[in-house]
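A short worksheet on the structure shown next.
2 protein chains.
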Amino acid sequence: MSERSFDIIEVRAGVEADNDRHAALVRERMDREGVYLINLMASPGAGKTTVLCRIIDALSDRFSIGVMEADMDADVDARKVLGHGVKAVQLHTGTSCHMDAKMTMKGLDAFDNPLPDVVILENVGNLVCPAEFDVGSDMRLMILSVPEGDDKPLKYPLMFTVSDWLLVNKIDTAPVFDFDFTRLENNIRPLNPDMEIFPVSAKTGEGMDAFTEKLADRIAAVLAEKRGRTV
Amino acid sequence: MSERSFDIIEVRAGVEADNDRHAALVRERMDREGVYLINLMASPGAGKTTVLCRIIDALSDRFSIGVMEADMDADVDARKVLGHGVKAVQLHTGTSCHMDAKMTMKGLDAFDNPLPDVVILENVGNLVCPAEFDVGSDMRLMILSVPEGDDKPLKYPLMFTVSDWLLVNKIDTAPVFDFDFTRLENNIRPLNPDMEIFPVSAKTGEGMDAFTEKLADRIAAVLAEKRGRTV
Numbered sequence: 000m001s002e003r004s005f006d007i008i009e010v011r012a013g014v015e016a017d018n019d020r021h022a023a024l025v026r027e028r029m030d031r032e033g034v035y036l037i038n039l040m041a042s043p044g045a046g047k048t049t050v051l052c053r054i055i056d057a058l059s060d061r062f063s064i065g066v067m068e069a070d071m072d073a074d075v076d077a078r079k080v081l082g083h084g085v086k087a088v089q090l091h092t093g094t095s096c097h098m099d100a101k102m103t104m105k106g107l108d109a110f111d112n113p114l115p116d117v118v119i120l121e122n123v124g125n126l127v128c129p130a131e132f133d134v135g136s137d138m139r140l141m142i143l144s145v146p147e148g149d150d151k152p153l154k155y156p157l158m159f160t161v162s163d164w165l166l167v168n169k170i171d172t173a174p175v176f177d178f179d180f181t182r183l184e185n186n187i188r189p190l191n192p193d194m195e196i197f198p199v200s201a202k203t204g205e206g207m208d209a210f211t212e213k214l215a216d217r218i219a220a221v222l223a224e225k226r227g228r229t230v
Numbered sequence: 000m001s002e003r004s005f006d007i008i009e010v011r012a013g014v015e016a017d018n019d020r021h022a023a024l025v026r027e028r029m030d031r032e033g034v035y036l037i038n039l040m041a042s043p044g045a046g047k048t049t050v051l052c053r054i055i056d057a058l059s060d061r062f063s064i065g066v067m068e069a070d071m072d073a074d075v076d077a078r079k080v081l082g083h084g085v086k087a088v089q090l091h092t093g094t095s096c097h098m099d100a101k102m103t104m105k106g107l108d109a110f111d112n113p114l115p116d117v118v119i120l121e122n123v124g125n126l127v128c129p130a131e132f133d134v135g136s137d138m139r140l141m142i143l144s145v146p147e148g149d150d151k152p153l154k155y156p157l158m159f160t161v162s163d164w165l166l167v168n169k170i171d172t173a174p175v176f177d178f179d180f181t182r183l184e185n186n187i188r189p190l191n192p193d194m195e196i197f198p199v200s201a202k203t204g205e206g207m208d209a210f211t212e213k214l215a216d217r218i219a220a221v222l223a224e225k226r227g228r229t230v
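Quick mapping for you: the protein sequence lines, in order, are chains Y and B.
Per numbering that gives the first Met the number 0, the first sequence starts with residue 0, numbered consecutively.
Per numbering that gives the first Met the number 0, the second sequence starts with residue 0, numbered consecutively.
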């Protein structure tokens, strides 16, 4: 067997090509069944679960919501989310450091029919691999937390390139860190000129209303299009 | 082609088995050439580069030091480290979210002979994949930063299991976050009863002397054994 057969990049390329086919299947299903799927991605400790609970609280009057929690083998997040009165599914990714489209389809199958209006996938905490795998979502929502630093687009460019919206979380801690919003934006724009950026604190609630209102409007517009009627 | 041929877990298992063989080659070389190799791992933004510069400043009187900076395609860290007067090599991992042993060997080849006494690999910022790939190091040094939270061992158990020493960084920000050191330790011990834990602030310097002194002693002892004489 030649050395080339173990080349990591080529193996991953193969996996990713297969993934794109499955992502298209998820997307077709979401369109057919009139569901909005969000792929929520961030580093470990950026505040994914806290943001998620805020989104649920803000949107649950208007939409039914389901949550898929992806973790290597924990269930702490699913337990937190259940307290917010939504259906949650815990997905164990084993040694895999990201969700792929096939795993996402399996997660969707775990919900009762019909699916909720909105399904939010809380991806594995990781700025690298989840960026490479389209799960068939309508929106890739990324969180960067202030303590991580404003230079992160330089280090993890793909995540900033593929994500649609960015929450800059933990802005209540900005005084403690040397974090410059202008520098962050200057680092983002060459990668993603259209990225919507929302400075928030999921902990104090600052900035969350502006974000969740815009998110609700976006979801309603897309669902109306998918279902052929106003939602 | 059957679905099975695209199973991610099996592909990764194959890559990892191959990696173990290459890690043994790196380890043999480090022993033969009398070099101490550190694999530095953490989340994005945990403070890897700042810690690294502190280590260099504290140890460079006693040892020659080389640094390998692994990033997907940036060079900001290598430029920072160069300011501290050591030889630095920038490794671009492309779409790969971790360093493996073969890539590490390539990085070592980029230094002049003889190799420095100590080579520090700053791995890609990621708590998942780097934990799965032994690069042939003498020590796996992990950083967790206070803003990430004390629950991280529950979410990223493998990283806490395989790492030898843990720096809990950014302790100067502890008042801002609900971070409990006892809770952290209770989460770590079932995974890694022997892990050495050092609370530090790489920014203010708090706790860094205690850590770097212990690290220097450990390196000196291992190098003495590798070289058959006191270092």
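Think of the CB as a built atom: it goes at the ideal place given N, C-alpha and C, for glycine as much as any other residue.
Note that the structure is predicted; figures quoted are calculated from it, not measured.
Taking residue i and residue j to be in contact with their CB atoms under 8 Å, please state how far apart those CB atoms are, rounded to whole angstroms.
i                : j                : result
Thr92 (chain B)  : Met71 (chain B)  : 6 Å
Gly206 (chain Y) : Pro198 (chain Y) : 5 Å
Ile196 (chain Y) : Asn168 (chain Y) : Not confirmed; about 12 Å, so no contact.
Val25 (chain B)  : Leu114 (chain B) : With a Cβ gap of about 12 Å, Val25 (chain B) and Leu114 (chain B) do not count as contacting.
Val134 (chain Y) : Phe62 (chain Y)  : The Cβ separation is near 19 Å, so there is no contact.
So who's on the other strand from residue i, going by DSSP bridges?
i                : result
Met138 (chain Y) : Y:Ile37
Asn168 (chain B) : B:Ser144
Gly65 (chain B)  : B:Lys86 and B:Val118
Ile196 (chain Y) : Y:Leu165
Asp70 (chain Y)  : Y:His91
Which value, in whole angstroms, describes the spacing of the CA atoms of residue i and residue j?
i                : j                : result
Met29 (chain Y)  : Gly106 (chain B) : 45 Å
Met138 (chain B) : Asp171 (chain B) : 26 Å
Glu121 (chain B) : Ser136 (chain B) : 12 Å
Leu51 (chain Y)  : Val80 (chain Y)  : 8 Å
Val193 (chain Y) : Trp164 (chain Y) : Checking the sequence, you will find Asp at residue 193 (chain Y) rather than Val. About 9 Å.
Phe110 (chain Y) : Lys101 (chain Y) : 15 Å
Leu58 (chain Y)  : Ile119 (chain B) : 47 Å
Leu126 (chain Y) : Thr229 (chain B) : 43 Å
Ser162 (chain B) : Ala130 (chain B) : 8 Å
Ala220 (chain Y) : Asn38 (chain Y)  : 18 Å
Phe210 (chain B) : Lys225 (chain Y) : 58 Å
Ser95 (chain Y)  : Asp17 (chain Y)  : 16 Å
Please decide whether residue i counts as near chain Y, where near means a Cβ-Cβ distance under 7 Å.
i                : result
Asn168 (chain B) : no
Gly206 (chain B) : no
Lys79 (chain B)  : no
Leu114 (chain B) : no
Asp19 (chain B)  : no
Ala219 (chain B) : no
Val199 (chain B) : no
Can you find a C-beta in chain B that's less than 7 Å from the C-beta of residue i?
i                : result
Glu147 (chain Y) : yes
Asn125 (chain Y) : yes
Lys202 (chain Y) : no
Cys52 (chain Y)  : no
Glu9 (chain Y)   : Here the model assigns Glu9 (chain Y) a pLDDT of 33, short of 50, so the residue's position is not dependable, and the following value carries that caveat. Chain B contact via Cβ: absent.
Lys151 (chain Y) : yes
Thr172 (chain Y) : yes
Ala69 (chain Y)  : no
Gly44 (chain Y)  : yes
Lys154 (chain Y) : yes
Ala73 (chain Y)  : yes
Val134 (chain Y) : no
Show which residues of chain C have a CB atom less than 7 Å away from the CB atom of residue i.
i                : result
Val175 (chain B) : Structure shown: chain C not included; protein chains present are Y and B.
Open item on the list: Quick test of the definition: if touching needs 3 or more C-beta pairs under 8 Å, does the region 152-165 of chain B touch the region 144-156 of chain Y?
Closed with: Touching, no, given that fewer than three Cβ pairs across the two stretches are closer than 8 Å.
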